[in-house]
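Enquirer: Supplied in structure tokens, the structure appears directly below.
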Amino acid sequence: MKYTTFNQKNNDPLLEPMFFGNPVNVARYDQQKHSIFEKLIEKQISFFWRPEEVDVSKDRVDFQKLSDSEKHIFISNLKYQTLLDSIQGRSPNIAFLPIISIPELETWTETWSFFETIHSRSYTHILRNLFGDPSSIFSDIVENEEIKKRAADISKYYDDLIFYTQLWQTLGEGTHTIHGEKHIVTMRTLKIKLFLCMNSVNALEAIRFYVSFACTFAFAERELMEGNSKIIRLISRDENLHLTSTQHILNLWAKGKDDPEMADIALEFRDQARDIFLDAVAQEKEWAGYLFKNGSMIGLNKEILCQYVEFIANHRMSAIGLGQPFDIKNNPLPWMNNYLNSDNVQVAPQESEISSYLVGQIDSEVGSNDFDEFEL
Amino acid sequence: MCKKVTVVKYDSDIPCEQTLSFAHNNLLDCLLNNNIAKEYHCKEGFCGACRTELIEGHVEYLLDPLAYIDDGEILACCCKPLGDITIKA
Chain A
796 MKYTTFNQKN NDPLLEPMFF GNPVNVARYD QQKHSIFEKL IEKQISFFWR
846 PEEVDVSKDR VDFQKLSDSE KHIFISNLKY QTLLDSIQGR SPNIAFLPII
896 SIPELETWTE TWSFFETIHS RSYTHILRNL FGDPSSIFSD IVENEEIKKR
946 AADISKYYDD LIFYTQLWQT LGEGTHTIHG EKHIVTMRTL KIKLFLCMNS
996 VNALEAIRFY VSFACTFAFA ERELMEGNSK IIRLISRDEN LHLTSTQHIL
1046 NLWAKGKDDP EMADIALEFR DQARDIFLDA VAQEKEWAGY LFKNGSMIGL
1096 NKEILCQYVE FIANHRMSAI GLGQPFDIKN NPLPWMNNYL NSDNVQVAPQ
1146 ESEISSYLVG QIDSEVGSND FDEFEL
Chain B
45 MCKKVTVVKY DSDIPCEQTL SFAHNNLLDC LLNNNIAKEY HCKEGFCGAC
95 RTELIEGHVE YLLDPLAYID DGEILACCCK PLGDITIKA
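Residue numbers (this note's numbering), protein chains in the order written: chain A, 796 to 1171; chain B, 45 to 133.
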């Protein structure tokens, strides 16, 4: 079906599925099919921040004092974070927007991606402070084999969904031969690709980000690179919200609260969804090996980081009904919770009293006795 | 009368119970103050790290929970018991 930027059909958005229904026409938020996305938009906007607000100048001094193996951990970690947000800053928009059918999810996706671009900007802010000219760091992201391997794993589900959506939009359902390769496009295959892609995004937001957060906060635990850690705290608060949204989408499908065909697919492809998660766990463990190849740092090594991956995977997988495959009960990095807690995120002064200061900042309630003390 | 929070642990073959009295701002604080390990991140009801299984009783929310919670689950960081409750550790 051809995409239209303003669908002229007078459809009822409350009856549309989240994906693959009619394209969205009026961006209205007075009524919602799934009100959770409207709430997430409000929450996310209330979190607005700018990287320049955080002073990272002391990090430069700290960085010079790090050992070579610690520098490798810090920089590789930052490169990986840059890669993740480079992908997330564009992909939800390109992959999901053309097939979304309800306005609140459309705007949530745009808000979500926009915040990922803030994260990308903050990596430049951090690196510019450390190196003056960070070009060599950025160019290594597309040259370093370890990073490229991660990039390929993450982007393949997005790319597959995007390509099939393009085929469907231009040629419709059917068997199409493109450059000698046969592609069978049906609504069912599109939905399967969407389901797998959403699971891959969920695993990215659920595990991949948290491995990198653990490394950042391990430096902060030693009172090193604290400017960087302040920025990553703000990023982790946003990522928590993004994770909530993908968990909601997956659960809405699985519980049959949206498109009934997606409920079928969720059941049929449960094992594949589980494999996507377990693959992400294995890849992150492999990444931990690369990070610590030259030596560990105080407070964190390959073994502890791998245990944390398993611990967090148990939590995240049970949230979307995939069970708890790993035999680990206690959090091996208990201090992580102090950094992931929004109470500890330093906010701008105007925000310190009420975190959602963008809404309802004016008290407009006036009672009849408010002027009692005045005399004329 | 103080509300009671009964925490059931299934770590070993025999389930064991611990009863706490609730005199806290929220359920998470009550668990943490009694040295019961409970995972938490945001403490604002949007991350879902403190999802807890509610076995018996009812709770009220102090704010609108945004995180996904399944039927029979509660978010410890932003709820208060409405009477005696039993939860899974």
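Ideal Cβ positions, reconstructed from N, Cα and C, are used throughout, including at glycine.
Smallest Cα separation from W1130(A): which of D1070(A), D954(A), R983(A) and L1095(A)?
Expert: It is L1095(A).
Enquirer: Please name the residues in the stretch 909-939 of chain A whose beta-carbon is closer than 9 angstroms to at least one beta-carbon of chain B, in chain order.
Expert: Cβ contacts with chain B come from no residue of the stretch 909-939 of chain A.
Enquirer: When DSSP builds the beta bridges, which residues end up paired with V103(B)?
Expert: P125(B).
Enquirer: Determine the burial state of I1044(A): buried for a count of at least 16 other Cβ atoms within 10 Å of its Cβ, exposed for fewer.
Expert: Under this definition I1044(A) is a buried residue.
Enquirer: Once you ignore the five residues that flank E1105(A) on each side, which residues in its own chain have a CB closer than 6 angstroms to its CB?
Expert: F1121 and I1123, listed in sequence order.
Enquirer: With DSSP as the reference, please indicate the residues paired to K47(B) in a beta bridge.
Expert: For K47(B), which the question treats as bridged, DSSP gives the partners F66(B).
Enquirer: Strictly under 8 angstroms for the Cβ-Cβ distance: is N805(A) near chain B by that measure?
Expert: Answer no: the Cβ-Cβ gap between N805(A) and chain B never drops below 8 angstroms.
Enquirer: What residue does the alpha helix (DSSP H) around I973(A) start on, and which one ends it?
Expert: Per DSSP, I973(A) belongs to no alpha helix (DSSP H); it is in the beta strand (DSSP E), G969 to I973.
Enquirer: Alpha carbon to alpha carbon, how far is L835(A) from F1169(A)?
Expert: Going from the Cα of L835(A) to the Cα of F1169(A) covers about 43 angstroms.
Enquirer: Examine the Cβ distances between the stretch 806-816 of chain A and the stretch 1038-1055 of chain A and report whether three or more of them are shorter than 8 angstroms.
Expert: Taking 8 angstroms as the limit for Cβ pairs, the verdict is that the stretch 1038-1055 of chain A does touch the stretch 806-816 of chain A.
Enquirer: I want to verify the contact list: residues of chain B whose CB lies under 7 angstroms from the CB of K834(A), in sequence order.
Expert: Ordered by position in chain B, the residues that pass the 7 angstroms Cβ test against K834(A) are D108 and L110.
Enquirer: With distances taken from CA atoms, which of H1110(A), Y875(A) and R855(A) is nearest K944(A)?
Expert: The shortest C-alpha separation from K944(A) is found at Y875(A).
Enquirer: Could you tell me whether any Cβ in chain A is nearer than 8 angstroms to the Cβ of H68(B)?
Expert: No, because no Cβ of chain A sits closer than 8 angstroms to the Cβ of H68(B).
Enquirer: Can you list, in chain order, the residues of its chain with a C-beta nearer than 7 angstroms to that of Q1042(A)? Leave out the 5 residues immediately preceding and following it.
Expert: Around Q1042(A): N997, A1114 and I1115.
Enquirer: For the alpha helix (DSSP H) containing K944(A), name the first residue and the last one.
Expert: First-last of the alpha helix (DSSP H) with K944(A): E940 to L966.
Enquirer: So for T96(B), helix, strand or coil by DSSP?
Expert: Strand, per DSSP.
Enquirer: Can you tell me which residues form a DSSP beta bridge with L1176(A)?
Expert: Any answer about residue 1176(A) is impossible in this case: the structure gives chain A only from 796 up to 1171.
Enquirer: Which chain B residues sit within Cβ distance under 8 angstroms of R1032(A)?
Expert: Near R1032(A) (Cβ distances below 8 angstroms), the residues of chain B are C86.
Enquirer: Between which residues of its own chain and F1064(A) is the CB-CB distance below 8 angstroms, once the five residues before and five after are set aside?
Expert: Closer than 8 angstroms at the Cβ level, and outside the excluded window around F1064(A), lie I987, F990 and L991.
Enquirer: Around the C-beta of Y54(B), are 16 or more other C-beta atoms found within 10 angstroms, so that it is buried, or is it exposed?
Expert: Flag for Y54(B) reads exposed.
Enquirer: N1125(A) and A81(B) look like a contact to me (Cβ under 8 angstroms); what is the Cβ gap, rounded to whole Å?
Expert: Yes, they are in contact, since the Cβ atoms of N1125(A) and A81(B) sit about 6 angstroms apart, within 8 angstroms.
Enquirer: Is the stretch 906-920 of chain A close to the stretch 960-969 of chain A, with three or more CB pairs under 8 angstroms?
Expert: Too few Cβ pairs lie closer than 8 angstroms, so no.
Enquirer: If you count every other CB in all the chains shown that lies within 10 Å of the CB of Q883(A), and 16 or more means buried, which is it?
Expert: Its Cβ being crowded by 16 or more others within 10 Å, Q883(A) is buried.
Enquirer: Under 7 angstroms Cβ-Cβ, which residues of chain A neighbour E83(B)?
Expert: Going along chain A in sequence order, the residues near E83(B) (Cβ under 7 angstroms) are H1110 and N1126.
Enquirer: Out of Q827(A), Y798(A) and W1082(A), state which residue places its alpha-carbon closest to the alpha-carbon of P812(A).
Expert: For the residues Q827(A), Y798(A) and W1082(A), the minimum Cα distance to P812(A) belongs to Q827(A).
Enquirer: Does any C-beta atom of chain B lie closer than 8 angstroms to the C-beta of A1061(A)?
Expert: Not one chain B Cβ lies under 8 angstroms of A1061(A).
Enquirer: Assuming the contact rule is C-beta atoms closer than 8 angstroms, G92(B) and I113(B) should be a hit. Round their C-beta distance to whole Å, please.
Expert: Confirmed, about 7 angstroms.
Enquirer: Where D1033(A) and R95(B) are concerned, what is the direct C-alpha to C-alpha distance, given to the nearest angstrom?
Expert: Spanning the two alpha carbons is a distance of roughly 19 angstroms.
Enquirer: Under the DSSP definition of a beta bridge, which residues are partnered with H788(A)?
Expert: An answer regarding residue 788(A) cannot be provided, because it is not within the stretch 796 to 1171 covered by chain A.
Enquirer: With a 10 Å radius around its C-beta and 16 neighbouring C-beta atoms as the bar for buried, classify T877(A) as buried or exposed.
Expert: Burial call: buried.
Enquirer: Does the structure place the stretch 840-852 of chain A close enough to the stretch 1010-1026 of chain A that three or more beta carbon pairs sit under 8 angstroms?
Expert: In short, these stretches touch, since the Cβ pair count reaches three.
Enquirer: When DSSP builds the beta bridges, which residues end up paired with E61(B)?
Expert: Looking at the DSSP assignment, E61(B) forms a beta bridge with V52(B).
Enquirer: Identify the contact partners of H1043(A) in chain B, using a Cβ-Cβ distance below 7 angstroms as the criterion.
Expert: Here the neighbours are Y112.
Enquirer: Does C91(B) get closer than 8 angstroms to chain A when you measure Cβ to Cβ?
Expert: Taking Cβ atoms only, chain A reaches closer than 8 angstroms to C91(B), which makes this a yes.
Enquirer: Would you give the residue range spanned by the alpha helix (DSSP H) that E88(B) belongs to?
Expert: No alpha helix (DSSP H) contains E88(B), which DSSP labels as neither H nor E.
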